[in-house]
Amino acid sequence: MYIPQAFEITDKKKILACVKANPFGQLVSTVEGRLFSTHLPFIVEKDSQSIICHIAKSNPQWHEIENQEVLVTFQGAHGYISPTWYESPGVPTWNYQAVHIYGQARLIREKEELKNIIEDTTKRFESVLEQPWQPEYKQPLLDLIVGMEISISELQCKFKLSQNRSENDQINVIKALQQNGDKSLSFAMKKEL
4 MYIPQAFEIT DKKKILACVK ANPFGQLVST VEGRLFSTHL PFIVEKDSQS IICHIAKSNP
64 QWHEIENQEV LVTFQGAHGY ISPTWYESPG VPTWNYQAVH IYGQARLIRE KEELKNIIED
124 TTKRFESVLE QPWQPEYKQP LLDLIVGMEI SISELQCKFK LSQNRSENDQ INVIKALQQN
184 GDKSLSFAMK KEL
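If you want it as structure tokens, here you go:
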């Protein structure tokens, strides 16, 4: 990913916090010599050295992925920025948060590990619900998925949030975003100001 210095984020905790807040990513690998992408939720492992997910066995992406270097991309807050929001001259642009994780894929077929992946995923996303679903692990259901662990070899992170503009321009953009109802992008920009 092209990352100008003004927008580069190198703090691993901050990068993984963005992934945790925006866990729906794109797994990119090659299938039969072509790029292939699957959109999946990912969980950051407790040691912060890998991410996990599960994929349907009917999806061809898992067939060749073992030990392949893969790319997983995540997108945080994003939105259009009008030059009318600046005090100084500017052009239309798009502000956004993006994380790229490179790593090696390891398939998980062992039933107990698969069960753990489903439990971790369920806890992560059901915990905010008033009546969380309690998973039942019937063997036929586990037979329909393959787990995957991607060991993190490289993190790339870009928060393009008007850091190359004056403080007044940044404040004006935040105000305009709030007025237009874009709370997530305005909040992300406030954190970086």
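Numbering (the numbering used here), first residue to last: 4 to 196.
Just so you know, even glycine gets a beta-carbon here, dropped at the ideal spot from N, CA and C.
In this text the structure is predicted, and so the values were computed from the model without any measurement.
Element boundaries [beta strand (DSSP E), containing residue i]
{"i": "Ala101", "result": "Thr96 to Ile111"}
{"i": "Leu188", "result": "Unbroken run through Leu188 is the alpha helix (DSSP H), Lys186 to Glu195; no beta strand (DSSP E)."}
{"i": "Pro197", "result": "For residue 197 there is no data in the structure shown, the boundaries of the chain being 4 and 196."}
Neighbour flag for residue i against chain D, beta carbons, 9 angstroms
{"i": "Glu113", "result": "No chain D appears in this structure, which consists of one protein chain only."}
Spatial neighbours of residue i in its chain, beta-carbon cut-off 7 angstroms, leaving aside the 5 residues before and after
{"i": "Thr96", "result": "Ile84"}
{"i": "Lys60", "result": "Leu147, Ile148 and Val149"}
{"i": "Ile177", "result": "Ser189, Met192 and Lys193"}
{"i": "Pro63", "result": "Val34"}
Residue i, DSSP secondary structure in three states
{"i": "Gln134", "result": "coil"}
{"i": "Lys163", "result": "strand"}
{"i": "Glu11", "result": "strand"}
{"i": "Glu116", "result": "helix"}
{"i": "Gln71", "result": "coil"}
Within 9 angstroms, strictly: CB atoms of residue i and residue j
{"i": "Met192", "j": "Leu164", "result": "yes"}
{"i": "Ile155", "j": "Ile121", "result": "no"}
{"i": "Tyr99", "j": "Arg168", "result": "no"}
{"i": "Lys161", "j": "Phe10", "result": "yes"}
{"i": "Phe77", "j": "Ala101", "result": "yes"}
{"i": "Phe45", "j": "Val75", "result": "yes"}
{"i": "Leu30", "j": "Cys56", "result": "yes"}
Own chain partners of residue i with C-beta closer than 8 angstroms, once the 5 adjacent residues on each side are dropped
{"i": "His66", "result": "Val34"}
Where the alpha helix (DSSP H) containing residue i begins and where it ends
{"i": "Gln173", "result": "Glu170 to Gln182"}
{"i": "Leu145", "result": "Gln142 to Leu145"}
Contact the stretch 145-153 vs the stretch 82-91: 3+ CB pairs below 8 angstroms:
no
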